[in-house]
Amino acid sequence: MACVAALLPLPSTASYTASASCSCHLRLRLRPAVVARVPRQQPQGRRPLRRFDEVEGVSKKRRGIGGGAGGAAGSQASSPRRDRGLAVDFKESQVAEFEDIEEDKFLNAVVKVYCTHIAPDYGLPWQKQRQHSSSGSAFMIGDGKLLTNAHCVEHDTQVKVKRRGDDKKYIAKVLARGIECDLALLSVENEEFWKGTEALSFGRLPCLQDSVTVVGYPLGGDTISVTKGVVSRIEVTPYAHGTSDLLGIQIDAAINPGNSGGPAFNDQGECIGVAFQVYRSDEAENIGYVIPTTVVSHFLNDFQKNGKYTGFPCLGVLLQKLENPALRESLKVPSSEGVLVRRVEPTAPASTVLRKGDVIVSFDGITVGCEATVPFRSTERIAFRYLTSQKYAGDIAQLGIIRDGNSMKVQTILQPRKHLVPFHVEGGQPSYLIVAGLVFTPLTEPFIEEECEDTLGLKLLAKARYSLATFEGEQIVIVSQVLAHEVNIGYEHMGNQQVIKLNGTAVKNIHHLAHLVDTCQDKFLTFEFEDDFLVVLHQEEAAAASSDILKEHAIPSVRSSDLSEPYVEAKDEVQKTSEDFGESPVTNFEMGIDCLLWA
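All residue numbers for the sequence shown refer to the numbering used here, where the first residue is 539 and numbers rise by one.
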């Protein structure tokens, strides 16, 4: 089994065992044995679901993704001498290198992060799960700000940081989170924290075989940790916590739980990236990943420009390589270049200028190869997705295309992708609506990960994986459960079924459903579900039963706070077609790389 693991924050526990055992449903090796809470066990003999790690709150959204420690550093030599089970190496050169590192001031810019998390309960959306804690790393970047990983402070209720060599912890605030790029920006208002500190400076993108030093606070001790390695690879990489494929640096230095958010340095003491995930496989060792400074600068510039994080844009198309000469000839492509547009997302701005069957041969004047790659630096090539990731939301891109044998230039605006089933819930708390005991909620990936596949049904899972949003704001609204009451007799066993219409009107999203219920003047509330299943409720009886149901189940309100806002009709709705159900173009990099893409 192989997997990409988000660099986990270290669970805040008093001790850990020497022989680490697996605590996630993928049963991976080298996972911290002591955890705050045991995740729900998956039935044997069935493919594990993608789900949130219930301890560290890390989203794993790709096939084989799980948490775990990084391997030992490839540059560290072993020694026959052992002291209490720990390998010791007394080579003079390595001792001298470590002493040089100790003397550098940049180590003092790396701090330890302590975070308390309370994740939402997606099955019972009016409440939250049990509180738990974790620790990670961060570093100073100037102007009173710290940089860390987004998964280190996910669902945070309190964030504290502690400097190297200091016993005092300081309260920090989360200014911005970049889910796709797994970065978060923190601030500390207490001026005492910043006395005598120096911010790190960012360096250029490294080259292959360049030395790299990873600094952080991983498991194994309380003090700062330093591991060394080299740059093994630079390419577009799936980010385990987010939903994007962005530029990543592969290194062989040891990266372990708690290293999350820690900086990676070159030999000049410049920060060349942020440690964030590892690759786990029985056939491979010492594969860790660092977020490069190009991605970091995009995140920081986005925040500075817009006052918030807006995300990485995408073209919104599903592409196919044009390696086969016969395929290129049939499309009237004269040379071995370009990629075929298989589908265009209805909500993407590119849907107004691109269509199925077009061949994209250039992006902003840069030629796109037949293997969906573009030139990178002097002698390298990189995935086409890299070009779109360099843009910001709202930027314009010029595309060179071939349509029916004719070359032409078109322009399109780039925007972040609109997910029909979101991977992360905005605001941290899921929306819900209770009508006569029927609990309605939007279908989200966190909800799917909490549920069992058998309870969702293949049809609903297929929609979640492959359907596309046809207009902005569209959601799949389901009944997650029915709170038993005499008003809903006969419907008590419903669960995880999509509602299609209310009194003949198609349901667009959960807010629209609440609007339809509030404005209904009919005697009955008639809900139409998938496969023509009907639920009919007397409107007055349903309203009268609400107070009893809320009191019986200790629920504070019949709806989430966001549904109290006035409903606004969605614009530019697109008529659904049969083509809206098929392979979803999650990213432009979805080209078939084993062990990395999500299932």
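We put the CB at the ideal spot given by N, CA and C, even for glycine. Since the model is a prediction, treat every value here as computed from it, not as a measurement.
**Request:** Check whether the Cβ atoms of residue 850 and residue 927 sit closer than 8 Å, and answer yes or no.
**Result:** Between residue 850 and residue 927, the CB-CB gap stays under 8 Å.
**Prompt:** Name the DSSP bridge partner or partners of residue 881?
**Reply:** 856
**Message:** Here's the rule I'm using: 16 or more other beta-carbon atoms within 10 Å means buried, otherwise exposed. How should residue 746 be labelled?
**Reply:** exposed
**Message:** Quick check on residue 729: buried or exposed, where buried means 16 or more other Cβ atoms within 10 Å of its Cβ?
**Reply:** exposed
**Asked** Unbroken beta strand (DSSP E) runs of length 3 or more, entirely within the region 714-742: which are they?
**Response** Scanning the region 714-742 for uninterrupted beta strand (DSSP E) segments of 3 residues or longer gives 721-725, listed from N- to C-terminal end.
**Prompt:** Between the Cα of residue 866 and the Cα atoms of 941, 934 and 833, which residue gives the shortest distance?
**Reply:** 941
**Prompt:** Which stretch, first to last residue, makes up the alpha helix (DSSP H) that contains residue 1018?
**Reply:** From DSSP, residue 1018 is part of no alpha helix (DSSP H) but of the beta strand (DSSP E) over 1015-1020.
**Item:** Cutoff 6 Å; reference residue 1032; Cβ partners in own chain excluding five residues on either side
**Value:** 1017 and 1020
**Prompt:** Using CA coordinates, which residue listed in 794, 772 and 796 is at the minimum distance from residue 786?
**Reply:** 772
**Message:** Pop quiz: residue 750 and residue 802 are said to be a contact at Cβ under 8 Å. What is the actual Cβ separation, rounded to whole angstroms?
**Reply:** 5 Å
**Message:** In the DSSP output, what is residue 658 paired with across the bridge?
**Reply:** 666
**Item:** Burial state of residue 818, where buried means 16 or more other Cβ atoms lie within 10 Å
**Value:** buried
**Asked** Are the Cβ atoms of residue 846 and residue 714 separated by less than 8 Å?
**Response** yes
**Request:** Pick helix, strand or coil for residue 1054, following the three-state DSSP scheme.
**Result:** helix
**Message:** On the DSSP letters alone, give me the boundaries of the alpha helix (DSSP H) that residue 840 sits inside.
**Reply:** Under the DSSP assignment, residue 840 falls in the alpha helix (DSSP H) whose first and last residues are 831-844.
**Request:** Output the boundary residues of the beta strand (DSSP E) element that contains residue 771.
**Result:** Counted as a single uninterrupted DSSP element, the beta strand (DSSP E) harbouring residue 771 occupies residues 763-776.
**Prompt:** Hey, how far is the Cα of residue 1142 from the Cα of residue 1102?
**Reply:** There is simply no residue 1142 to check, as the chain begins at 539 and stops at 1137 in what is shown.
**Prompt:** To the nearest whole angstrom, what separates the beta carbons of residue 879 and residue 903, a pair I think is in contact under 8 Å?
**Reply:** Incorrect: roughly 19 Å between the Cβ atoms, too far for contact.
**Prompt:** Helix or strand or just coil, what does DSSP make of residue 810?
**Reply:** Strand.
**Message:** Taking the alpha carbon of residue 762 as the reference point, which residue from 703, 814, 806 and 769 has its own alpha carbon closest?
**Reply:** 703
**Message:** Quick test of the definition: if touching needs 3 or more C-beta pairs under 8 Å, does the region 717-732 touch the region 680-697?
**Reply:** yes
**Where residue 652 falls: helix, strand or coil (DSSP)** = strand
**Request:** List the residues that DSSP assigns as beta-bridge partners of residue 710.
**Result:** 697
**Message:** I'd like the span of the beta strand (DSSP E) that includes residue 934, first residue to last.
**Reply:** 934-941
**Item:** CA-to-CA distance, residue 863 to residue 1056, given in whole angstroms
**Value:** 59 Å
**Request:** Compute the distance between the beta-carbons of residue 877 and residue 857, then report whether it is under 8 Å.
**Result:** yes
**Request:** Count the CB pairs spanning the region 687-702 and the region 640-657 that are closer than 8 Å, and state whether there are at least three.
**Result:** Contact holds: three or more Cβ-Cβ distances are below 8 Å.
**Beta-carbon gap between residue 960 and residue 983 smaller than 8 Å** = yes
**Asked** Which whole-angstrom value is the C-beta distance of residue 769 and residue 800, which I expect to be below 8 Å?
**Response** Not confirmed; about 16 Å, so no contact.
**Message:** Closer than 8 Å is the cut-off here; do at least three beta carbon pairs connect the region 992-999 with the region 945-955?
**Reply:** no
**Request:** Determine the closest residue to residue 839 out of 891, 727, 759 and 716, with distance taken between C-alpha atoms.
**Result:** 716
**Message:** What does the Cβ neighbour count give for residue 720, buried or exposed, with the cut at 16 atoms within 10 Å?
**Reply:** buried
**Asked** Between residue 967 and residue 658, which are expected to be in contact by the criterion C-beta below 8 Å, what is the C-beta distance as a whole number of angstroms?
**Response** 5 Å
**Asked** Should residue 1104 go down as buried or exposed, given a rule of 16 or more other Cβ atoms within 10 Å for buried?
**Response** exposed
**Message:** Within 10 Å of its beta-carbon, does residue 1069 have 16 or more other beta-carbons around it, so buried, or fewer, so exposed?
**Reply:** exposed
**Prompt:** Run through DSSP, which three-state label would residue 1026 get?
**Reply:** helix
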